[in-house]
Each structure stands twice: as C-alpha cells, then as structure tokens.
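Following: one structure in structure tokens, then a few remarks.
2 protein chains.
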Amino acid sequence: MLLSKSCVYGLRASIYLASKKDDTFISIKEMSAGLNISFHFLTKILQQLTSANLMESYKGPNGGIKLTKKGRDSTLLDMVIAIDGPELFTQCALGLPGCGSKDPCPLHDSWLETRTSIQEMLERTTLDEIAKEGKEKQFRLMEDGNFQWS
Amino acid sequence: MLLSKSCVYGLRASIYLASKKDDTFISIKEMSAGLNISFHFLTKILQQLTSANLMESYKGPNGGIKLTKKGRDSTLLDMVIAIDGPELFTQCALGLPGCGSKDPCPLHDSWLETRTSIQEMLERTTLDEIAKEGKEKQFRLMEDGNFQWS
DNA sequence: TATAAATAAGATAAAATAGTCTTATAACTT
DNA sequence: AAGTTATAAGACTATTTTATCTTATTTATA
Numbered sequence: 137m138l139l140s141k142s143c144v145y146g147l148r149a150s151i152y153l154a155s156k157k158d159d160t161f162i163s164i165k166e167m168s169a170g171l172n173i174s175f176h177f178l179t180k181i182l183q184q185l186t187s188a189n190l191m192e193s194y195k196g197p198n199g200g201i202k203l204t205k206k207g208r209d210s211t212l213l214d215m216v217i218a219i220d221g222p223e224l225f226t227q228c229a230l231g232l233p234g235c236g237s238k239d240p241c242p243l244h245d246s247w248l249e250t251r252t253s254i255q256e257m258l259e260r261t262t263l264d265e266i267a268k269e270g271k272e273k274q275f276r277l278m279e280d281g282n283f284q285w286s
Numbered sequence: 137m138l139l140s141k142s143c144v145y146g147l148r149a150s151i152y153l154a155s156k157k158d159d160t161f162i163s164i165k166e167m168s169a170g171l172n173i174s175f176h177f178l179t180k181i182l183q184q185l186t187s188a189n190l191m192e193s194y195k196g197p198n199g200g201i202k203l204t205k206k207g208r209d210s211t212l213l214d215m216v217i218a219i220d221g222p223e224l225f226t227q228c229a230l231g232l233p234g235c236g237s238k239d240p241c242p243l244h245d246s247w248l249e250t251r252t253s254i255q256e257m258l259e260r261t262t263l264d265e266i267a268k269e270g271k272e273k274q275f276r277l278m279e280d281g282n283f284q285w286s
C-alpha cells in the first residue's frame with residue numbers, strides 16, 4: 137500500500153474541503169458523514185493537518201475546519217508528508233539504510249526515478265487547482281460515487 | 137511505505153539467492169544471518185514464495201531453498217505480488233472502490249500512469265539479470281554494505 | 001536405527017496501525 | 001449565566017503486521 141489509510145482519509149478530506157467555499161468552516165461531522173469516514177478518527181487526522189498549518193479549526197457552533205491559504209496553495213504531497221512523513225520519498229526501496237549513489241542496491245537508480253514520478257504526481261496540482269478541475273470534469277470522491285462539487 | 141517489510145525481506149532473499157549458484161540449496165539459516173533477517177520470519181516469507189513456485193525447498197542436511205527455473209526467469213514484480221498481492225497495481229490511489237475511467241477520482245489518470253511506472257520498474261529485469269548486473273556493478277545488499285555477490 | 005540438520009506449521013507475543021469512547025475546552029445562543 | 005455545538009485530547013479497544021517460540025516432519029549420515 138502506497139499511502140496509509142490515515143493518509144488516504146486526509147487526502148479525501150483535503151479535496152473535499154478544497155471543493156467548498158474558501159471562507160466557511162466545515163464541521164468534521166459533515167465531512168465524516170459525507171466521506172463515510174469514522175468521525176473521531178478523521179478528527180485526529182485533521183489535527184495533524186491543522187498543526188502543520190495546512191488547515192485551521194474553529195470551535196463552537198458554526199465551527200469546523202477549513203483549508204488555510206497555505207493549504208489551498210499546497211499540493212497533495214504536502215498533505216501526504218504531513219501525515220505519513222517523508223520516508224516514502226527518501227528511503228531505499230529495499231529498506232537498506234546505507235544505500236546511496238556510491239553504494240547502490242540493485243534497485244537504486246530505478247527507484248530514484250520512480251519515486252520522483254510519484255512525488256511529481258502528488259505535487260503536480262495544488263488543491264485549488266484540483267478543486268477547479270473537479271468542478272469541470274465532475275470527478276467523484278465518495279465510495280458510492282455521489283460526491284457533489286459545490 | 138510502498139512495500140511491506142515482509143515483501144522487502146522477500147526481495148532481498150530473492151536477490152541473494154539469484155546471486156548464488158543455480159543448483160545448490162541455500163539454508164535459511166545462512167540467508168537470515170547473511171541478510172540480518174529474523175530466521176523464523178524469513179522462513180514464513182520464503183514459504184509464500186515456494187508455494188508460488190518461485191522457489192523450492194528441500195528438508196534435511198544440506199537442504200535449504202533455491203530459486204526455481206520459473207523464479208530465476210521471474211522479475212521482482214512476481215515476488216512482490218506473491219507476497220503483498222496485486223492490490224498496489226489495481227487499486228485507486230484514494231482507495232475508492234468505484235473509481236475507474238468512467239467515474240474517475242481526481243488522481244485517477246495520474247495514478248494509473250505512476251503505478252504503471254512502478255510496475256515497469258519492478259518487471260524491467262529478471263532475477264538472473266539482476267544477479268548478472270550485480271556482479272558487474274558490485275551492488276550491495278546487506279545493511280552493513282558487506283554483501284558479496286558470489 | 002539413532003542422531004543431527006534442515007524446513008513446515010502452529011501458537012504466542014509484541015508493535016504498529018486503525019478505530020472508538022469519554023471527558024475537557026472553547027465559542028456561540030438564548 | 002446556562003445550555004448547546006463544536007473541536008481537542010486522552011484513554012481504551014481492535015486489527016493487522018511483524019516477530020518469536022515450540023513442536024512436527026523430512027532427509028542425510030554415522
């Protein structure tokens with residue numbers, strides 16, 4: 137599995153938020169219902185993203201979570217690193233600590249190339265751009281295919 | 137993490153075996169010491185690979201494990217699928233079951249491309265070829281960098 | 001035939017990840 | 001000020017992955 141479940145949930149939530157109006161807080165309850173993710177579990181993941189300043193939260197009635205300016209201008213790569221850490225993009229494919237260009241494992245060069253392409257995929261578009269494209273192309277986000285870009 | 141720890145161990149063992157003479161069984165004890173992997177854990181992983189006919193085992197003194205013909209002609213992709221299953225190469229990056237070309241998630245096309253490049257990386261060379269290249273280029277395989285292609 | 005050397009298999013334990021539940025805290029509403 | 005609505009935080013549980021330990025079973029050899 138490329139990304140942890142926490143990370144996948146975090147990405148779904150990020151895209152969900154990006155599809156919403158910039159300036160309103162969306163409650164975690166709404167998100168967890170809309171994305172069919174456990175409320176408390178999602179809460180924790182969002183806390184990681186808020187503490188990375190990619191989202192901000194507000195307590196009380198009409199409170200919730202929204203993307204910060206930084207978050208909207210960020211890419212999925214930033215979200216992934218905030219949740220799963222940077223290891224995927226730094227480590228040897230065979231997990232060999234000393235692997236490097238001067239002492240390469242059999243996969244070293246190929247993996248460097250491949251993991252760069254993963255990284256590029258994740259940083260190709262900002263969340264704002266993903267949201268814009270989503271509205272045009274009517275992407276789906278939910279498991280039942282019913283997500284509305286609104 | 138792209139590959140599970142079991143899978144990484146399995147790949148290391150596969151490459152280790154590929155670097156050895158075709159026709160002799162190598163004991164798991166030797167491998168686990170040489171690769172610094174827990175003996176019993178490695179045993180179970182190798183059982184998965186033998187039951188996929190990528191390796192064969194022999195009990196008793198001078199027994200051990202060796203690659204089958206099929207195994208030598210296989211690629212790391214076959215080893216990966218035998219251990220981690222095919223999910224990495226079939227699933228949506230956001231884990232959305234209904235995601236497909238007609239109902240794509242925001243990452244669908246990019247991920248299809250990227251995961252294909254992962255797959256191509258893993259099936260570029262057979263184990264025999266990796267071993268050959270390893271001897272020429274003196275790749276390393278152990279954590280301490282001391283692996284000998286012999 | 002007995003012993004030793006090896007894998008096979010099953011039980012158990014430990015650690016990491018995923019998920020739930022409860023209580024605290026903040027902010028709005030009346 | 002009291003009640004309500006929301007996130008924050010911590011404890012707890014469940015599941016999966018990783019790792020270990022013990023007991024078979026197979027095979028060679030003395």
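As given, the protein sequences belong to chains F and X, one line each in that order.
Numbering-wise, the first sequence is residues 137 to 286 according to this note's numbering.
Numbering-wise, the second sequence is residues 137 to 286 according to this note's numbering.
Note that CB positions come from ideal geometry on N, CA and C, so glycine has one too.
Exercise for the section: Please name the residues in the region 255 to 270 of chain X whose beta-carbon is closer than 8 Å to at least one beta-carbon of chain F, in chain order. Expected result: M257, R260, I266, E269, G270
Handout entry: F/F275 classed as buried or exposed, judged by whether at least 16 other C-beta atoms fall within 10 angstroms
Key = buried
Problem - X/G207, enclosing alpha helix (DSSP H) - first and last residue - result: 205 to 208
Exercise for the section: Say whether chain X places a C-beta atom closer than 8 Å to the C-beta of F/R148. Expected result: yes
Practice task
Determine contact between the region 207 to 215 of chain F and the region 164 to 181 of chain F, defined as no fewer than three beta-carbon pairs at a distance below 8 Å.
Solution key: no
Practice task
Given a cut-off of 8 Å, decide if F/G146 and F/L185 are closer than it, judged by their beta-carbon atoms.
Solution key: yes
Practice task
Under 9 Å between beta-carbons, which chain X residues line up against F/F177? List them in chain order, please.
Solution key: What F/F177 touches in chain X: nothing, since even the nearest Cβ is about 14 Å away.
Exercise for the section: Quick one: grab the DSSP three-state call for F/M191. Expected result: strand
Practice task
Report the rounded CA-to-CA distance for F/T252 versus F/K206, giving the unit in angstroms.
Solution key: 23 Å
Problem - Interface partners of X/E279 on chain F, CB under 9 Å - result: G231, L232, P233, G234
Practice task
State yes or no: is the C-beta of X/G170 within less than 8 Å of the C-beta of X/M278?
Solution key: yes
Practice task
Pick helix, strand or coil for X/K271, following the three-state DSSP scheme.
Solution key: helix
Exercise for the section: Give a yes or no on whether the minimum CB-CB distance between F/S286 and chain X is below 8 Å. Expected result: Interpretation of F/S286 is limited by its pLDDT of 48, a score under 50 that renders its predicted location unreliable; the figure taken from the coordinates is listed afterwards. No, F/S286 lies away from the interface with chain X (no Cβ there is under 8 Å from its Cβ).
Handout entry: Backbone secondary structure at F/T262 - three-state DSSP
Key = strand
Problem - Residue from X/G270, X/A218, X/I254 with nearest C-alpha to X/A188 - result: X/A218
Exercise for the section: Indicate whether at least one CB of chain X lies closer than 8 Å to the CB of F/P222. Expected result: no
Problem - Cβ-Cβ distance between F/M137 and X/L224 below 8 Å - result: yes
Practice task
May I ask you to list the residues that DSSP assigns as paired with F/G236?
Solution key: F/D239
Exercise for the section: Indicate the three-state DSSP secondary structure (helix, strand or coil) for X/K165 in the structure shown. Expected result: helix
Practice task
Would you kindly report the start and end of the unbroken alpha helix (DSSP H) that includes X/D220?
Solution key: 212 to 220
Handout entry: Proximity of X/M191 and X/T204 at Cβ, strictly below 8 Å
Key = yes
Handout entry: Per-residue burial, X/S168 [other beta carbons within 10 Å of its own, 16 or more giving buried]
Key = buried
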